[in-house]
Amino acid sequence: MRRSYERILSAIHQAHLALGRRATASRGSSRRRQAEAAGALRFEHLEPRVVMSASGLVPVGAQPEGPLTGKIVYTSGGHGWQWSTTLGRYATDRGDNNEIIEDFGNQEQMTYYADYLLRAGATVVPMRPVGRQLNEVVLDNDSAGVTFTGSWTNSTGSVYYDEDYGVGGGGNADAVSYRVASINATETATATYTPNIPQEGFYPVYTWVADGANRTNQLYRVNHSGGATELHVDHRLVGKGWVYLGTYHFTAGSSGNVEISNHSTAGGSVVIADSIRFGNGMGDVVSGNAGIGQPGGVVSGYPREDENSLHWLWRAVGQGNSASAVTGGGNVSAPSRMAEHMNAAPFGQSVYIGFHSNAGGGRGAVGLIDSDQFTPNQSSLATYTGRQINQDMQALNGQFEHNWSTRTTHTFSGGFGEIDEGASAEMDMTIIETAFHDSAEDAQLMRDPKVREQLGRSTYEATLEYFDNFGGLTAPVTQASAPINVRAVSAASGEVTVSWSAGPTGVFGQVATGFMIYASTNGYGFDGGTLVAGGGTTTATLSGYDPALPYYFKVVAVNAGGESKASEVMAVVANGGVQRVLIVNGFDRFERTQNFRYPYAHTGDGLVDRVWSRYNNSFDYAVQMASAIHASAPNVAVSTTSNEAVISGAVNLANYDAVMWILGEESTANDTFNATEQTKVAAYMAQGGKLFVSGSEIGFDLDAQGGGAAFFNDTLKADYVADDAFTYNVAAAAGSIFTGLSFSFSSGAQFSNLSSQTYNVDTPDRINPLGGATAALNYNTGTGAAGIQ
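Counting from 555, one number per residue, gives the positions in the sequence shown under our numbering.
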């Protein structure tokens, strides 16, 4: 949950303990599920200070290079909302199976896969929208927000994109199809697409350019809230549809943009400025009994991400081509037909992988082969994907809620219209059935974001194996795992020391050869990064930061495979202050029972699981904490650490005047405070340290479940009363540090973008003060406090 800590934290020097509610345990209830559907309760939202340019930041970064640089991967998630002539309404292809709607899960799995591909250097072409962003801004070359520098000429080419779909401008298509600039070894011309972003958040960004032999490896510069990120798309090899440029954080308004540059030494002769898309939006293609795009149809009213591929592609074909001719007018074959329409790369430089989940009895992953019209190496591609997933997941048995299937048969042959392009196909294609949604065990695994992450990674590694055998790669390296045990310590004024440990290897990834430290002034948009060479170097002191600002850091591992996923986000105020505060992030829980419960009217309780990682646990809650501390006490020096670094002894609590411990939804499965943490915190408190703890299941874990009742009673001065307050509303106790603040915890329903998500505070403990402590927050009903001091 995100809410204001500004006034709460002004009292950190008074408070010995406050068990406030930032998050909750993973155990759900019918009340919780109904509340999520009904809508979120009000809460205060403290945004971190947004600084578009600050000292110490690296202004420009780039897409990582890796073994997939120069390769084009087309990918899709099967099914989605579409018109049903039988039902006379929009319907999903698959219903609720063990809290999963396959149609939604396929798009979510595609999103995890796309992230791995981008970090391995690939050009990613999705046949459904990536991620979750209901807002959209689409800019064409003649839109008001597009400006040009240098020499550009107008084109009247017949194949182009029109944001009005050929009916704008008083009923006429664009007068200028697109604009053209000659390439140059130095940048002499740019086209800048500046959207008016309606709401702060994370936006997937796409480009639309018609491919052609005179194009080049075109440079895109995405200017987001953290700086600039540069990517290249070779439009000699791909075009005539939306190409994914990545997902970036944008503030509301017009401070961000995408630039197209004429800088190129990669051959060809021109760059093209046509259309740029920010966000995915809501569906606007009509369907009805007469078919898609026909008179008399209606729009779905659903997000584009949840509609089937055909609806997304119908809007992606552009002018000069018939959407019905390109897609075939049906959803099953539309993604692969669109992939071949967009592809201009030679065989072996591109590939198509679609995602589905299975049914009919069984467990585990299966790669599909069309028995009649198979592509040249389809059998191998299907084997690589099915085998990689099954073997990786079997190697990880014990890491997840259930062990994986013992399956050793990794493929299945049949008739599959999505991949039946035959021997003359422009690329190899397969579908991966990730697991069986009609198996209770597999369904629970697919609802776990950790499993979805691993399935994405395994499919990416299978993609490497395919290109190793058929695309000219030689023993490609896989990405390393994310760094762990991270901490960022405020050193001298303007200096920050960032430390970490290398993540595990083996099935988790190959060895890191270096690390990148990314910095930010808002915690969501990050700069171009600072390289720390050497896989054995796990600490770096950086300087030049403004001592008057909070900064935020994350670390990724690098090797020849590209970049790993990022560590959790750490916050620092490097002002050299005498008073020192440490933020400890102990919220590690990341599992299916924290999922967003999505309204779906056509099932028993009207809700199903969605696997959206940032909603589940965004691992950046130090942003709100540090922002609030700094707003209240700007002279305090702030550092951040993972709780694992406290456990290992790498961070000593005694070095800090106050400790702010984030526990979120941490509970028994992950330990709120394990035995080592209890010992260290008790010693710190005995020496006069000041502690602010935020979490909703501390009492349940320590007292009710026996995880440390003595620590809860004697050190934290709290007594457990009940597991669920059955309310979201609290009020400050008279005379407490919270006096004057209004509280209401989120039900988690208001989840429109991935920046201001509010996860559900479903079962907050009721507690009572002990040993001289007093109530600080009270629930609006029943007995027991919501917080003590």
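Where is the CB? At the ideal position from N, CA and C, for every residue including glycine.
Just so it is clear, the structure is predicted and the values come from calculations on it, not from any experiment.
Between the alpha carbons of G704 and A764, how many angstroms are there, rounded?
22 Å
Whole angstroms are fine: how far does the CA of N862 sit from the CA of G632?
7 Å
Using alpha carbons as the reference points, say which of G781, P683, S978, E894 lies closest to M836.
P683
Among A729, V776, L999, which residue has its Cα nearest to the Cα of R831?
V776
Bridge partner(s) assigned by DSSP for R643
For R643, the beta-bridge partners assigned by DSSP are S638.
Closest by CA to A960, which one among T1230, V679, V920, V1213?
Note that residue 960 is Thr in the sequence shown here, rather than Ala. Selected option, being the one with the closest Cα: V920.
With DSSP run on the structure shown, which of helix, strand or coil describes V1050?
strand
For G884, write down the residues that DSSP places opposite it in a beta bridge.
G884 is not bridged to any residue.
Could you tell me whether the Cβ atoms of M983 and Q932 are closer together than 8 Å?
yes
Below 8 Å on the Cβ atoms is my guess for E1231 versus F1173; work out the distance and round it to an integer in Å.
E1231 to F1173, Cβ: 19 Å. No contact.
M892 at chain D interface by Cβ criterion, 8 Å:
Of the chains in the structure shown, none is chain D; there is only one protein chain.
Element boundaries [beta strand (DSSP E), containing N1332]
1329-1333
Per DSSP, what are the beta-bridge partners of K1108 in this structure?
Answer is Y1072.
Delimiting residues of the beta strand (DSSP E) encompassing S959
Taken as a continuous stretch (DSSP letters only), S959 belongs to no beta strand (DSSP E), as it is neither H nor E.
Contact belief for V1200 with K1234 at Cβ below 8 Å, rounded distance in angstroms:
6 Å
Let me confirm a value: H803 is counted as buried when at least 16 other C-beta atoms fall within 10 Å, else exposed. Which label applies?
buried
What residues in its chain sit with their C-beta under 7 Å from that of H778, if we drop five residues either side in the sequence?
Y802, H803, F804, G810, G1079
Output the boundary residues of the beta strand (DSSP E) element that contains T703.
700-703
Taking all protein chains shown into account, do 16 or more other C-beta atoms lie within 10 angstroms of the C-beta of G1203, making it buried, or fewer, making it exposed?
exposed
On the three-pair Cβ rule with 8 Å, is the region 1098-1106 touching the region 1133-1144?
Touching, no.
Less than 8 Å between the C-beta atoms of T1222 and G1261, yes or no?
yes
At what residue ranges does the region 951-1037 contain a whole run of the alpha helix (DSSP H), taking only runs of 4 or more?
994-1000, 1003-1024
Could you check if F770 is buried or exposed, using at least 16 other CB atoms within 10 Å of its CB as the buried criterion?
The identity of residue 770 in the sequence shown is Thr, whereas the question assumes Phe. Burial of T770 is indicated by the presence of at least 16 other C-beta atoms within 10 angstroms of its C-beta.
Residue(s) in a DSSP beta bridge with Y666
Looking at the DSSP output, Y666 shares a beta bridge with no other residue.
Can you tell me the Cα-Cα spacing of I626 and Y667, whole angstroms?
I626 and Y667: Cα-Cα distance of roughly 13 Å.
According to DSSP, residues forming a beta bridge with N708:
R733
Three or more C-beta pairs below 8 Å linking the region 864-876 and the region 787-803:
yes
N1189 versus I1183: straight-line alpha-carbon distance, rounded
10 Å
Determine the extent of the beta strand (DSSP E) in which R1134 is found, giving its start and end residues.
1134-1139
Please state whether the Cβ-Cβ distance between V792 and T761 is less than 8 Å.
no
Would you give the residue range spanned by the beta strand (DSSP E) that D1273 belongs to?
Element bounds for D1273: 1272-1276.
DSSP on K1244, reduced to helix/strand/coil?
Three-state result, K1244: strand.
For M1179, which three-state DSSP category applies?
Of the three classes helix, strand and coil, the one that applies to M1179 here is helix, per DSSP.
I943, DSSP secondary structure in three states:
Helix, per DSSP.
How would you label A1288, buried or exposed, when you count the other beta carbons within 10 angstroms and need 16 or more for buried?
exposed
Considering just the uninterrupted stretch of the alpha helix (DSSP H) at N1170, what are its terminal residues?
1167-1170
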